[in-house]
Amino acid sequence: MAYLLSKENFLKMSEFVYRKSGIYLEEEKHYEKLAKYIDSRASTLELDSFRKYFFKLRFEDKDGEEFQALMNGVTVNETYFYREKDQFEALVNKILPELHKTLPASKTLRILSSPCSTGEEPYSMVLHIVEEGKVIEERDIEIVGIDIDSTVIEKAKKAKYTERSVHAIPKGILSKWFNKKSLGYELGEDLQGSVDFQVANVFDKVQMRNLGKFDVIFSRNMLIYFDDASRKEVAMTFYDMLNPGGYVLLGHAEYMSRIVSVFTAKKIDNTLVYQK
Ligand SMILES: C[S@@+](CC[C@H](N)C(=O)[O-])C[C@H]1O[C@@H](n2cnc3c(N)ncnc32)[C@H](O)[C@@H]1O
1 MAYLLSKENF LKMSEFVYRK SGIYLEEEKH YEKLAKYIDS RASTLELDSF
51 RKYFFKLRFE DKDGEEFQAL MNGVTVNETY FYREKDQFEA LVNKILPELH
101 KTLPASKTLR ILSSPCSTGE EPYSMVLHIV EEGKVIEERD IEIVGIDIDS
151 TVIEKAKKAK YTERSVHAIP KGILSKWFNK KSLGYELGED LQGSVDFQVA
201 NVFDKVQMRN LGKFDVIFSR NMLIYFDDAS RKEVAMTFYD MLNPGGYVLL
251 GHAEYMSRIV SVFTAKKIDN TLVYQK
């Protein structure tokens with residue numbers, strides 16, 4: 001079956017997606033997925049050619065809905081609780097106690113999960129913080145989770161998870177903070193609302209500035225989808241968003257030293273962190 005999206009037009013689409021989101025779509029890996037997405041979207045919108053769809057996307061999308069739908073169709077949202085768990089341990093055992101000591105007493109400590117996908121990463125921070133218990137007794141901590149994909153943000157707000165998603169949470173912690181449901185687990189009432197979830201694009205300077213300043217930024221498993229120029233741009237955005245002395249933590253396959261040299265790399269046990 002022929003798709004509306006030809007191989008030549010794939011290039012136009014991938015340039016458009018790259019410019020707007022930093023996501024680099026490769027023909028070999030992404031043509032099929034994007035072509036199916038455009039066929040289905042064009043059929044919903046009753047458009048009979050790629051040209052009409054592309055025109056709508058670029059020039060008739062004043063409220064950004066069509067771009068949002070496209071982003072929801074092309075992102076990779078894979079995540080789970082306690083993924084790369086050493087980093088959550090570094091956060092609660094070393095980073096938060098250190099920041100707690102140095103920040104003025106009245107200041108709220110702010111952590112950003114960017115991107116947060118369906119919420120497992122920021123809720124893993126919450127679970128570690130409440131389980132550790134000490135810092136949270138004395139200091140207000142605010143956790144913000146952002147993602148470009150509005151469907152994952154809606155899911156994160158509902159906080160309902162599959163067995164697969166919670167598999168790495170120690171059993172005692174799972175039964176303490178979650179309610180077992182027929183189709184998985186729901187975060188308990190005590191922790192509902194503990195993360196402020198928002199749809200935001202890390203390349204949108206206004207959206208990022210409006211989030212304010214942070215003391216810690218987790219940005220795991222997103223930069224791998226970007227090319228060097230986009231990684232650099234995002235790393236500098238994070239640098240600007242961090243308070244002096246603040247930290248960035250990346251995914252295990254991502255290295256700040258290969259992107260920018262403005263941070264100081266430090267090792268906390270097995271975890272590499274980057275300080276402003
Ligand atoms: C693989 S998930 C990573 C989730 C979590 N940080 C983790 O490591 O488990 C990557 C997420 O990056 C989001 N993303 C991709 N481009 C983005 C952008 N320009 N701005 C914000 N989020 C983006 C995707 O929607 C997706 O949910």
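Residue numbers (full-length UniProt numbering): 1 to 276.
All C-beta atoms in this analysis are idealised placements derived from N, C-alpha and C, irrespective of residue type, glycine included.
This structure is a prediction, so every number in the text was calculated from the model and none was measured.
Could you give the residue range of the alpha helix (DSSP H) that holds residue i?
i	result
alanine 265	No alpha helix (DSSP H) holds alanine 265; the beta strand (DSSP E) holding it covers 264-268.
lysine 12	7-21
glycine 53	Position check: residue 53 holds tyrosine in this sequence, whereas glycine was assumed. Segment 50-59, the alpha helix (DSSP H) holding tyrosine 53.
isoleucine 136	134-138
proline 170	Note, proline 170: premise wrong, no alpha helix (DSSP H); not H, not E.
tyrosine 31	27-44
alanine 90	86-90
methionine 222	No alpha helix (DSSP H) contains methionine 222, which DSSP labels as neither H nor E.
methionine 256	Careful: methionine 256 lies outside any alpha helix (DSSP H) and carries neither H nor E.
leucine 99	96-102
glutamate 66	65-74
Would you call residue i buried or exposed, if buried means 16 or more other Cβ atoms sit within 10 Å of its Cβ?
i	result
threonine 271	buried
valine 195	buried
threonine 162	exposed
residue 282	The requested residue 282 is not part of the displayed model; the chain covers only 1 to 276.
arginine 19	exposed
serine 43	exposed
tyrosine 255	exposed
isoleucine 23	buried
histidine 128	buried
alanine 235	buried
phenylalanine 178	buried
proline 170	exposed
glycine 133	exposed
glycine 245	exposed
glycine 212	exposed
proline 104	exposed
serine 114	buried
leucine 45	exposed
serine 49	exposed
serine 14	buried
serine 124	buried
asparagine 210	exposed
phenylalanine 238	buried
valine 248	buried
threonine 102	exposed
alanine 200	buried
For my contact list, residue i and residue j are in at a C-beta cut-off of 8 Å; report their separation, rounded to the angstrom.
i	j	result
isoleucine 173	threonine 75	With a Cβ gap of about 29 Å, isoleucine 173 and threonine 75 do not count as contacting.
glutamate 121	arginine 220	7 Å
leucine 109	isoleucine 146	Their Cβ separation, rounded to whole angstroms, is 18 Å, which puts leucine 109 and isoleucine 146 out of contact at 8 Å.
tyrosine 53	arginine 41	7 Å
isoleucine 259	leucine 242	Not quite, the Cβ-Cβ distance comes to about 15 Å (not below 8 Å), so this is no contact.
alanine 159	glutamine 192	6 Å
leucine 112	phenylalanine 214	5 Å
lysine 85	threonine 118	About 18 Å separates the two Cβ atoms, so there is no contact after all.
proline 251	isoleucine 224	Reading the sequence as shown, one finds glycine at residue 251 and not proline. Confirmed, Cβ separation roughly 7 Å.
serine 21	phenylalanine 203	6 Å
leucine 4	aspartate 39	6 Å
Assuming residue i is part of the beta strand (DSSP E), what are its boundary residues?
i	result
lysine 181	178-181
To which residues does DSSP link residue i through a beta bridge?
i	result
threonine 271	Ile268
valine 144	Leu112, Asp196
tyrosine 247	Val216, Gln275
tyrosine 161	Tyr185
leucine 242	Phe214
Is there at least one non-hydrogen atom of ligand 2 closer than 7 Å to the beta-carbon of residue i?
i	result
isoleucine 111	Ligands in the displayed structure: ligand 1; ligand 2 is not one of them.
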